[in-house]
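Undergrad: Mind looking over this structure? Questions follow.
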Amino acid sequence: MSNVLRYGGLALSLSIAAPGCGDDAMAPADPGTTTSTGSTGDPAVTSAGSTGSTDGGSTSFDTEDSGATTEGMDDGPAPYEWELPPGFPMPQVPEDNPMTADKVELGRHLFYDTRLSANETQSCGSCHEQSRAFADAEVVPLGSTGEILARNSMGLTNAAYSYPLTWANPALDTLEQQILVPLFGEFPTELGVTGHEEEILARLASDPQYQQLFADAFPDADDPYTFEHVVKAIACFVRTMISGNSAFDRYTYQRDTSALDEQQLRGLELLFSESLQCHHCHNGFNLSDATRHAGTVHDSLSFHNTGLYDVDGDGAYPVGNQGLIESTFEADDMGAFRAMTLRNIAVTGPYMHDGSVATLEEVLDIYSRGGRLLDAGPNAGDGALNPHKSGFVGGFALTDQDREDLVAFLEALTDEEFLTDPRFSNPFEE
Ligand code: HEC
Ligand code: HEC
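Okay, so the sequence shown: first residue is 322 according to this note's numbering, each after it adds one.
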């Protein structure tokens, strides 16, 4: 697999910085998903984003499908009510894990519960903090047993739309698959569940609160306490972490022309300009080309080398963190990573797959230079000369004023509501 660019000739100007890149938006609903428009049955609703229905309020849908596969239809588990921000398409939801309010609630408890790690020291929330859009402040985090992870904890803003998941793993197709990594992974250990499955499930089963939560979430199961259910519930919860009420959203999707000030507007124009080219990779409603939603027909993967390293003069990234090549073994995939969403970017630093860039100003200077120069240390080299670098990272002139304007715009991508929304908060601290 090579670095497939999915920009498909979409020159995104402000007016179409829009919802679900044209090609996707025109597509019929993907038959492989259960994310129907639910009871409304109106196909136009799915593409609310593409039709620009920016009437200001949230659009709500429910995910109740035909019912045939929905567990416990007799007493009808309440389907989860999506309250998608204007401009947002429906996320894809795996057929075997339909969204229900009860699974989301169970998942929220599990996400924040340190009893889920073998030594009871860490939860998902330890590395994914709500006030940081579910990233953390570390360069790279430590797992529950103290092992160092290679990669920076990424924010979970709109992870429901991430495709594929994580910084550079083309095999992680769904949240359900990704969540197995922090739970069971041993290289390195994160929550350290492997070998402690029964013990951990017994902890949950003995807690009256979980007895209720599991019974509600999986009413038809003979044994509700399984890791399959744990994973499904957490995936449902993470899938609800949708953020789309930044000042940028109010300006773009909610017709509030006063939402961005002059400086932020200058930054917006720069970001979407052909001289900076950011939008070739950070595009669509989620400002990331590694995005998928219900109705997406092109499931091609996008990874890019942005010229952060060149340790051997031949394009190598530091051993142990070389990106897509670690999965594909294709020389040209050296240093290729996923273009993250720029939403909530001001609160998720430090940046990049290895947390090696401290501030947004530094990020901009690296792109302006067309790659990073490291003139000392074990990783010394000029990333601008990396032969695997994307053609869109060619460098550009950036005045101090431009840099300030861009940072001001990137800060306008912060959705304060998301960072404090009680629906995503730690239930054990209530
Ligand atoms: C020790 C810190 C740590 C813990 C604990 C942890 N994560 Fe993560 N998480 C990370 C890091 C680091 C990445 C990036 C991994 C990579 O690219 O290899 C990540 C990536 C993710 C992603 C991918 C998001 C995307 O958009 O691609 C999801 C989802 C996620 N974690 C959810 C969880 C859940 C759910 C749990 C609990 C079961 C959890 N994490 C526990 C550090 C952690
Ligand atoms: C060729 C595609 C491409 C272009 C063009 C591009 N980016 Fe990126 N961007 C990426 C990728 C890939 C990453 C992750 C790279 C890594 O970690 O090695 C990234 C990372 C970032 C990050 C850090 C994300 C995080 O969560 O740590 C920011 C901020 C960012 N880019 C902003 C910009 C801006 C601003 C521009 C325009 C000046 C731009 N990007 C141009 C692909 C691109």
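Where is the CB? At the ideal position from N, CA and C, for every residue including glycine.
As the structure is a prediction and not an experimental result, all values here were calculated from the model.
1) In its own chain, which residues sit with a C-beta less than 7 Å from the C-beta of Q451, not counting the 5 before and 5 after it?
2) Which residue comes first and which comes last in the alpha helix (DSSP H) that contains L591?
3) Are M655 and G641 close, meaning C-beta to C-beta below 9 Å?
4) Relative to ligand 2, is the shortest distance from any of its heavy atoms to the C-beta of I666 smaller than 8 Å?
5) What are the boundary residues of the beta strand (DSSP E) that L740 is part of?
6) Is DSSP giving A456 helix, strand or coil here?
7) With burial defined as no fewer than 16 other Cβ atoms inside 10 Å of the residue's Cβ, what is the status of V618: buried or exposed?
8) Quick test of your reading: L622 and P748, contact by CB under 8 Å. State the CB separation rounded to the nearest angstrom.
9) What are the boundary residues of the alpha helix (DSSP H) that E518 is part of?
10) What would DSSP say about L463, mapped onto helix, strand or coil?
11) Does P485 come out as helix, strand or coil in the three-state DSSP assignment?
12) Run the CB neighbour count on S357, radius 10 Å, all protein chains shown included, and call it buried at 16 or more, exposed below.
13) Straight-line CA distance for T372 to D570?
14) To the nearest angstrom, how far is it from the Cα of E459 to the Cα of F508?
15) Just how far apart, CA to CA, sit E404 and D631?
16) Drop a sphere of 10 angstroms on the beta-carbon of T772, count the other beta-carbons inside from all chains shown, and report buried for 16 or more, exposed for fewer.
17) Taking a contact to mean a Cβ-Cβ separation below 9 Å, would you say E609 touches C602 in this structure?
18) Compare the beta carbon distance of L731 and A660 with 9 Å and say whether it is the shorter of the two.
19) In angstroms, rounded to a whole number, what distance separates the CA positions of G702 and A637?
20) Could you give the DSSP three-state label for D726: helix, strand or coil?
21) So, with DSSP's three-state summary, where would you put H625?
22) Please report the Cβ distance between T478 and N707, rounded to the nearest whole angstrom; I am assuming they are in contact, meaning their Cβ atoms lie under 8 Å.
23) Taking the DSSP output, what are the residues bridged to V678?
24) What is the residue span of the beta strand (DSSP E) that E266 lies within?
25) Would you decide whether Q585 is buried or exposed? Buried here means 16 or more other CB atoms lie within 10 Å of its CB.
26) Would you say the beta carbon of F492 is closer than 8 Å to some non-hydrogen atom of ligand 1?
27) Over what stretch of residues does the alpha helix (DSSP H) that includes I555 continue unbroken?
TA: On the basis of the data shown:
1) On the sequence shown, residue 451 is found 130 positions in, with the first residue counted as 1. Answer for Q451: L740, F745 and S746, listed in chain order.
2) Locating residue 591 in the sequence shown gives position 270, where the first residue counts as 1. Taken as a continuous stretch (DSSP letters only), the alpha helix (DSSP H) holding L591 covers E583 to L592.
3) Residue numbering aside, residue 655 sits at position 334 when the sequence shown is read from its first letter. Residue numbering aside, residue 641 sits at position 320 when the sequence shown is read from its first letter. In this structure, G641 does not lie closer than 9 Å to M655 by Cβ.
4) Residue 666 sits at position 345 when you count from the first residue of the sequence shown. Yes; taking the cut-off as 8 Å, the Cβ of I666 has a heavy atom of ligand 2 nearer than that.
5) Against the sequence shown, residue 740 aligns to sequence position 419. Segment E737 to T741 is the alpha helix (DSSP H) holding L740; no beta strand (DSSP E) there.
6) For the purposes of this step, residue 456 is taken as residue 135 along the sequence shown, with counting starting at 1. If DSSP states are grouped into helix, strand and coil, A456 belongs with the strands.
7) Indexing the sequence shown from 1 puts residue 618 at position 297. That one is exposed.
8) Reading the sequence shown from its first residue, position 301 is the one you call residue 622. Reading the sequence shown from its first residue, position 427 is the one you call residue 748. That pair is no contact at about 35 Å.
9) Here residue 518 is taken as the residue at index 197 of the sequence shown, counted from 1. Its alpha helix (DSSP H) spans residues E518 to A526.
10) The residue you call residue 463 lines up with position 142 of the sequence shown. Reduced to three states, the DSSP call for L463 is strand.
11) If you number the sequence shown from 1, residue 485 lands on position 164. Looking at P485 - three-state DSSP - the assignment turns out to be coil, as it is neither helix nor strand.
12) Residue 357 sits at position 36 when you count from the first residue of the sequence shown. For S357, the predicted structure reports a pLDDT of 30, less than 50, and the residue's modelled location is therefore unreliable. The matter cannot be settled from this model.
13) Indexing the sequence shown from 1 puts residue 372 at position 51. Indexing the sequence shown from 1 puts residue 570 at position 249. With a pLDDT of only 32 at T372, under 50, the local geometry of the prediction cannot be trusted, and the value read off the model is given with reservation. Their Cα atoms are separated by approximately 16 Å.
14) Residue mapping note: residue 459 aligns to position 138 of the sequence shown, counting from 1. Residue mapping note: residue 508 aligns to position 187 of the sequence shown, counting from 1. So the alpha carbons of these two residues sit roughly 19 Å apart.
15) On the sequence shown, position 83 is the one that residue 404 refers to. On the sequence shown, position 310 is the one that residue 631 refers to. Roughly 44 Å separates the two Cα atoms.
16) Outside the modelled stretch of the chain, which goes from 322 to 751, sits residue 772, for which no answer is possible.
17) The residue labelled residue 609 in the question sits at position 288 within the sequence shown. The residue labelled residue 602 in the question sits at position 281 within the sequence shown. A small fix is needed here, since residue 609 is Ser in this sequence, not Glu. Yes. Within cutoff.
18) Translated into positions along the sequence shown, residue 731 becomes position 410. Translated into positions along the sequence shown, residue 660 becomes position 339. No, the pair does not count as a contact, with Cβ atoms beyond the cut-off.
19) Translated into the one-based positions of the sequence shown, residue 702 becomes position 381. Translated into the one-based positions of the sequence shown, residue 637 becomes position 316. Approximately 10 Å between the Cα atoms of the pair.
20) Here residue 726 refers to the residue found at position 405 when the sequence shown is read from its first residue. Three-state result, D726: helix.
21) Numbered from 1 along the sequence shown, position 304 holds the residue referred to as residue 625. It is a strand residue.
22) Here residue 478 corresponds to residue number 157 of the sequence shown, with the count starting at 1. Here residue 707 corresponds to residue number 386 of the sequence shown, with the count starting at 1. T478 to N707, Cβ: 28 Å. No contact.
23) Here residue 678 corresponds to residue number 357 of the sequence shown, with the count starting at 1. For V678, which the question treats as bridged, DSSP gives the partners Y672.
24) Residue 266 lies beyond the range of the chain shown here (322 to 751); nothing can be said about it.
25) Indexing the sequence shown from 1 puts residue 585 at position 264. By the neighbour-count rule (16 or more Cβ atoms within 10 Å), Q585 is buried.
26) Within the sequence shown, numbered from 1, the residue matching residue 492 stands at position 171. Correcting the residue type first, residue 492 is Ala in the shown sequence and not Phe. No, since every heavy atom of ligand 1 falls outside the 8 Å radius drawn around the Cβ of A492.
27) Counting from 1 along the sequence shown, the entry for residue 555 is found at position 234. Unbroken alpha helix (DSSP H) run through I555: F548 to R560.
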